[in-house]
Structures are given as C-alpha cells and as structure tokens.
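Shown next, in structure tokens, is the structure this report addresses.
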C-alpha cells in the first residue's frame, strides 16, 4: 500500500513539474475544505514557478474571507479567460459534473489530477489520490506534502488547518481520527494558530448576518419527539438584512444545538423552485443517504442537495426520509 501511495505522489510531482499552466478547481458552492485546500496547493504550485489560476463556480463564503490570499480564488461567473491549462487539479470533488461551469475550462488533452475524500468519488482523471477514510481533502494534502518532504510554511499550515477544522465540524464529526489530530498538531507546530483561525472563521460574521441568524433560529420546527429540527432562510430575509447565502456556510450546525435533536436541515430559498438543503447529524446517522436520494451528496454527518418543489421534491418528502433515518437508528 505504501509503495502504491509513493507512486501516486511521484506521479503528481512529475505532472506538476511537466506542466506550464495549472488550473485548480473544486466543487460548485465552495466550502472551507475546498477553498483552504486550493489555496494551500496554489502555494505549492507557485513555488514551482508555474502559472496557476484558482477558479470555482460560486463565490467564497463570507466566513472564509479572512484566509490569506483568498482573493486569488475566482468565481467563474465573474471571470473571463481564453487561457488554456495543461494541468487540472480537481480538489474535494467527487465527479466532474460537480465542478459546475468550471468543467468547460478543461481541455480534452489536459492532464487531470483528482484529489478527494468523498465516498462517492468516481475515480475520474489521469492521476487519482482518493482516500474515503480521510477526514478532508486538506488532510490528504498534508499527508502528500509530508510524503514528498515539502516544507510546509506558516501560511500553508494555516490554510490546511482551517480546511481540516471546518470539514470535521471543528473536529466533531466521526471522520475525525487519531491521525487527523496528529496532523492538526503538526500544522500547529508549523505555525497555524488554532484560536485565531477559529475566531477569524466563526466569530467574525457581520452584525447583519447575526441578526439574520436570529430569524433563522426563530424558524426552528421540531418533529419526531424533537429528534428532527428544520430551519429556513427566505430570500426576503436576505434582502432585508443585506446578506447573501454565502454568509451562511457553517450555520447549518445550529440545527443540531437542541439536546434531543439527532438530524437537522437548513433550507435556503434560492428562488421559487430551488431550495438548497444543508443536512447535519449527530452520532452515526448517515444523512448522505438522504442527500444522494435527492440527487445531492456529501458525508455521513454533513451533506446537501437542492430541493425542487416542481419535481415533487418537497418538505414532506424530506421529513419522510429524515424520519426513516431516525427509525433506522433506534
């Protein structure tokens, strides 16, 4: 196994060395793991003297705007280029379709490196580094950097730590392993400051978003003897408080704060027929099963999908499926 892993590492190193122009992409609607991993890998590419771009479909959520070099991450909706990239680094993305509009930037003859930890990864690309047992893509990158003896500097350590912390629900999800904590400790030794990183991400939201969070909490509804909690955010509320849905990354955890709740869902109204649903769970309840049932995906304790009432995917069906998870866990 170790020999195979070292071969993958060598293949990635060679692909980077042989490249001229590199594009780093991730799934649409980027999160902390995708953004932190992209910026960390960007540092690595820049040290090789390569031309590199970081592009996603969707802007960086507000809570990650304090990450170093975050302005290097571009939203394809506000980015126009005719540049051709001969190397594509796809991070934290289970399949090419999840790239959204950035998939069109991939040339037919480009080499694709797929680095991911999602359980439903399709194994796409020319070179794959996929470990479904890993807590995060950033954990995989940390292992890669250590495996090739890359000198992780303070900025890269910060980015990797932030990505691991956010994708493990602040080290709460079951995906958090002993190795996860060992690597987090190593990144602290390299200069990552846990308190500052946590404060910059979770305790730096604008006052308007805090007020809107209050409205979100007021919307809480409980079902199945308080084991299921649903919250929602409307477009009207967003407009009233001058906020955007990107400000809500990480707030789905509030659905789990009540004592008896085992499964939570935050419903965000994108438009009349698109409601983004963020699912969260405690213990070993696997909300990714519900997300995949409705065409989405994710992890055991954190997943999501887009609910389309016109296609018959509604609140009642969501509750029915969440109830099934609760019943199966008894």
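Residue numbers (the numbering used here): 115 to 444.
Think of the CB as a built atom: it goes at the ideal place given N, C-alpha and C, for glycine as much as any other residue.
Computed from a predicted structure; not experimentally measured.
Residue 188 is positioned such that its CB atom lies closer than 8 Å to that of residue 168. Closest option to residue 257, judged by alpha-carbon separation, among 284, 295, 435: 295. Between the segment 370–384 and the segment 321–340 there are three or more C-beta pairs closer than 8 Å, enough to call the two in contact. Under the DSSP assignment, residue 346 falls in the beta strand (DSSP E) whose first and last residues are 342–347. Beta-carbon to beta-carbon, residue 200 and residue 135 are separated by about 6 Å, close enough to satisfy the 8 Å threshold. In this model, residue 246 and residue 191 are separated by some 31 Å (Cα to Cα).
One Cα belongs to residue 441, the other to residue 418, and the distance between them is close to 20 Å. At a Cβ-Cβ threshold of 8 Å, residue 251 and residue 139 do not count as neighbours. Put simply, the backbone Cα of residue 439 is about 21 Å away from that of residue 282. Annotated three-state conformation of residue 390 is strand, per DSSP. Less than 8 Å divides the Cβ of residue 206 from the Cβ of residue 148.
Ranking 208, 186, 204, 364 by CA distance to the CA of residue 126 puts 204 first.
Under the criterion of beta carbons closer than 8 Å, residue 388 and residue 431 do not qualify as touching, at roughly 16 Å. DSSP links residue 243 through a beta bridge to 229.
According to the DSSP assignment, residue 295 belongs to the alpha helix (DSSP H) that extends over 292–303.
Residue 335 carries a strand assignment under DSSP once its states are collapsed to helix, strand and coil. Between the alpha carbons of residue 225 and residue 164 lies a gap of roughly 15 Å. Residue 434 counts as exposed, since fewer than 16 other beta carbons sit within 10 angstroms of its beta carbon. No Cβ-Cβ contact shorter than 8 Å links residue 214 with residue 228.
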